[in-house]
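Report on one structure; see the data block that follows.
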Amino acid sequence: MGKIEAIRHNVGGIMGNRRRHRIASVHVEEVKAVVSRLTGALVRAFLVMLLIATPSVILPGTGPDTQQMVALIALFGGVLTFAEYNAVYPSLVEFRDAPPFNRIRYLALFLTVFILSVIEAANIAPTSFTRLFEALGLLIGHSLDFPYSPVRLATMMMSENASAADISAVRSAAGTAYIISLISLAFFVVIFKLKGWPSRHKDFNVWVNLPTFEPTAGGDVVDRLERDARLNLSLGFLLPFLIPAVVTLVSGGFDPVTLTSPQTLIWTMAAWAFLPASLLMRGVAMGRIAAMIRQRRVANLPPTHPGIVAAL
Numbered sequence: 001m002g003k004i005e006a007i008r009h010n011v012g013g014i015m016g017n018r019r020r021h022r023i024a025s026v027h028v029e030e031v032k033a034v035v036s037r038l039t040g041a042l043v044r045a046f047l048v049m050l051l052i053a054t055p056s057v058i059l060p061g062t063g064p065d066t067q068q069m070v071a072l073i074a075l076f077g078g079v080l081t082f083a084e085y086n087a088v089y090p091s092l093v094e095f096r097d098a099p100p101f102n103r104i105r106y107l108a109l110f111l112t113v114f115i116l117s118v119i120e121a122a123n124i125a126p127t128s129f130t131r132l133f134e135a136l137g138l139l140i141g142h143s144l145d146f147p148y149s150p151v152r153l154a155t156m157m158m159s160e161n162a163s164a165a166d167i168s169a170v171r172s173a174a175g176t177a178y179i180i181s182l183i184s185l186a187f188f189v190v191i192f193k194l195k196g197w198p199s200r201h202k203d204f205n206v207w208v209n210l211p212t213f214e215p216t217a218g219g220d221v222v223d224r225l226e227r228d229a230r231l232n233l234s235l236g237f238l239l240p241f242l243i244p245a246v247v248t249l250v251s252g253g254f255d256p257v258t259l260t261s262p263q264t265l266i267w268t269m270a271a272w273a274f275l276p277a278s279l280l281m282r283g284v285a286m287g288r289i290a291a292m293i294r295q296r297r298v299a300n301l302p303p304t305h306p307g308i309v310a311a312l
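In terms of my numbering, the sequence shown is residues 1 to 312.
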C-alpha cells in the first residue's frame with residue numbers, strides 16, 4: 001500500500017507540474033500578445049501624429065498659434081489611433097488585421113503630404129532639394145492637365161480672380177497628389193494579385209476587419225458585400241470629377257487667398273486625391289471578401305479551412 005500511495009503521489013505531482021507548466025505557458029502567451037498589441041498601437045499612434053505634424057515641421061515660418069493647433073490635433077489623432085489599435089475589440093478602423101491594406105493607405109497619404117509640403121516650402125525658403133520637387137510637381141501637373149482630366153477640373157475650382165501663379169500652384173499640387181494616389185492604387189492591386197490578399201494562410205475575420213459591417217443586418221451577405229464593392233468603386237472613380245464640379249457650383253470657386261495658403265492647399269489636395277483612391281481600394285477589398293465567401297459556399301469547405309472568412 002505504501003508503494004501504491006507513493007506512485008499515486010508521484011503521478012499527481014507530475015500531473016500538477018504539467019498543469020502548472022500549461023498555465024504558465026498560456027500566461028506567457030497572453031503577456032506577449034498584450035505587449036505586442038501595445039507596442040503596435042504606440043507605433044501607429046506616433047506615425048499618425050507624425051503625419052499630421054509634417055506640414056508644420058517642413059514649412060518654414062509656421063506661426064505659434066498654428067503650431068499649437070496642429071499639436072493638439074496630432075495629439076487627438078494619436079490618442080484615437082492608440083485606443084483603437086490597443087483595444088481587443090474593434091470599433092472604427094477597417095482591415096486592421098489584414099495587412100498591408102492600411103499600411104499602403106497610410107504610406108500613400110504620408111508621401112502626398114510630405115511631397116506637397118516640400119513643394120510649398122520651395123515658395124517660402126527655396127533650396128536645391130525643394131526646387132527639385134517643385135520642378136517635378138510642375139512637370140507632373142502640366143502632363144496631367146488636359147481637357148476633362150481631374151487635374152484640369154481641380155484648377156477650375158479656383159475663382160475667376162485667381163492669378164496664374166495661384167492656378168499653377170494648384171495644378172502642381174493636384175497633379176502630384178493624383179499621381180501618388182494612382183501609384184498607390186496600382187501597388188495595392190499588384191499585392192492583391194501576387195500575394196493573394198488577404199493571406200491564404202490565415203482566416204479572415206469579418207467582425208475584426210469590418211467592424212462597421214453587420215453580417216446579420218438582413219439580406220444575403222455576398223450580395224451586400226458586392227453591392228458595397230460596386231458603390232465604393234463607382235464613388236472612387238467619380239469623386240475626382242465630382243468634387244471640383246460641386247465646389248464650383250456651390251461656392252463659385254475657392255478664394256485664391258484661402259486655397260493658396262500652404263497648409264490649406266496641402267490638406268485639400270491630399271484629401272481630394274486620397275479619398276477616391278482609398279474608396280477604390282476598399283471596393284476591391286470588399287469584392288475579394290465576397291468572392292472568398294462565394295468560393296466557400298461552392299466548395300462547401302469547413303469553416304476552419306485556410307483563407308475562409310471565419311466570422312461567417
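Ideal Cβ placement from N, Cα and C applies to all residues, glycine included.
1. Can you tell me whether residue 161 is buried or exposed? The criterion is at least 16 other CB atoms within 10 Å of its CB, across all chains shown.
2. Are the beta-carbon atoms belonging to residue 140 and residue 175 less than 8 angstroms from one another?
3. Just tell me which of 88, 48, 115 and 146 has its CA closest to the CA of residue 102.
4. Using the three-state DSSP reduction, which class does residue 91 fall into: helix, strand or coil?
5. Check whether the Cβ atoms of residue 228 and residue 286 lie closer than 8 angstroms to each other.
6. Could you tell me whether the segment 79-94 touches the segment 184-200, using the rule of 3 or more Cβ pairs below 8 angstroms?
7. Assuming contact is defined by CB atoms lying nearer than 8 angstroms, are residue 217 and residue 112 in contact in what I supplied?
8. Tell me whether the beta-carbon of residue 290 lies closer than 8 angstroms to the beta-carbon of residue 185.
9. So, with DSSP's three-state summary, where would you put residue 292?
10. How long is the line joining the alpha carbons of residue 168 and residue 204, rounded to whole angstroms?
11. Going along the chain, which unbroken runs of the alpha helix (DSSP H) with 4 or more residues stay wholly within the segment 104-167?
12. State whether the segment 118-132 contacts the segment 208-217, with contact taken as three or more CB pairs (one from each stretch) at a distance under 8 angstroms.
13. Can you tell me whether residue 230 is buried or exposed, with buried defined as 16 or more other CB within 10 angstroms of its CB?
14. Rounded to whole angstroms, what's the CA-CA distance from residue 257 to residue 145? Just pull it up for me.
15. Once the 5 residues before and after residue 269 are set aside, which same chain residues still bring their CB inside 7 angstroms of it?
16. Should residue 137 go down as buried or exposed, given a rule of 16 or more other Cβ atoms within 10 Å for buried?
17. Nearest to residue 181 by alpha carbon, out of 195, 220 and 240?
18. Below 6 angstroms CB to CB, which residues in the same chain sit around residue 262 once its five sequence neighbours on both sides are set aside?
19. Around the C-beta of residue 297, are 16 or more other C-beta atoms found within 10 angstroms, so that it is buried, or is it exposed?
Quick answer:
1. Mapped onto the sequence shown, residue 161 falls at position 161. Burial call: exposed.
2. For this step, residue 140 is matched to residue 140 along the sequence shown. For this step, residue 175 is matched to residue 175 along the sequence shown. Yes, the Cβ-Cβ distance between residue 140 and residue 175 is below 8 angstroms.
3. Here residue 102 refers to the residue found at position 102 of the sequence shown. Minimum Cα distance to residue 102 is reached at 48.
4. Taking the sequence shown and counting its residues from 1, one reaches residue 91 at position 91. It is coil, neither helix nor strand.
5. Reading the sequence shown from its first residue, position 228 is the one you call residue 228. Reading the sequence shown from its first residue, position 286 is the one you call residue 286. Yes, the Cβ-Cβ distance between residue 228 and residue 286 is below 8 angstroms.
6. no
7. Here the question's residue 217 lines up with position 217 in the sequence shown. Here the question's residue 112 lines up with position 112 in the sequence shown. No; because the gap between Cβ atoms is not below 8 angstroms, this pair is not in contact.
8. By 1-based counting over the sequence shown, the position of residue 290 is 290. By 1-based counting over the sequence shown, the position of residue 185 is 185. No, the Cβ-Cβ distance between residue 290 and residue 185 is not below 8 angstroms.
9. The count along the sequence shown starts at 1 and reaches residue 292 at position 292. It is helical.
10. In the sequence shown, counting from the first residue as 1, residue 168 sits at position 168. In the sequence shown, counting from the first residue as 1, residue 204 sits at position 204. Taking the straight line from one Cα to the other gives about 46 angstroms.
11. 128-144 and 150-155
12. no
13. The residue you call residue 230 lines up with position 230 of the sequence shown. Exposed.
14. As a position in the sequence shown, residue 257 is number 257, starting the count at 1. As a position in the sequence shown, residue 145 is number 145, starting the count at 1. Unreliable placement is indicated for residue 257, whose pLDDT of 46 sits below 50; no coordinate value is reported for it.
15. The sequence position of residue 269 within the sequence shown is 269, counting from 1. Contacts found: 116, 173, 174 and 177.
16. For the purposes of this step, residue 137 is identified with residue 137 of the sequence shown, where counting begins at 1. Looking at its Cβ environment, which holds 16 or more other Cβ atoms inside 10 Å, residue 137 is buried.
17. As a working note, residue 181 is residue 181 in the sequence shown. Checked all of 195, 220 and 240; the closest Cα to residue 181 is 240.
18. In the sequence shown, the residue the question calls residue 262 occupies position 262. 59 and 120.
19. Stepping through the sequence shown from its first residue, residue 297 is reached at position 297. Flag for residue 297 reads exposed.
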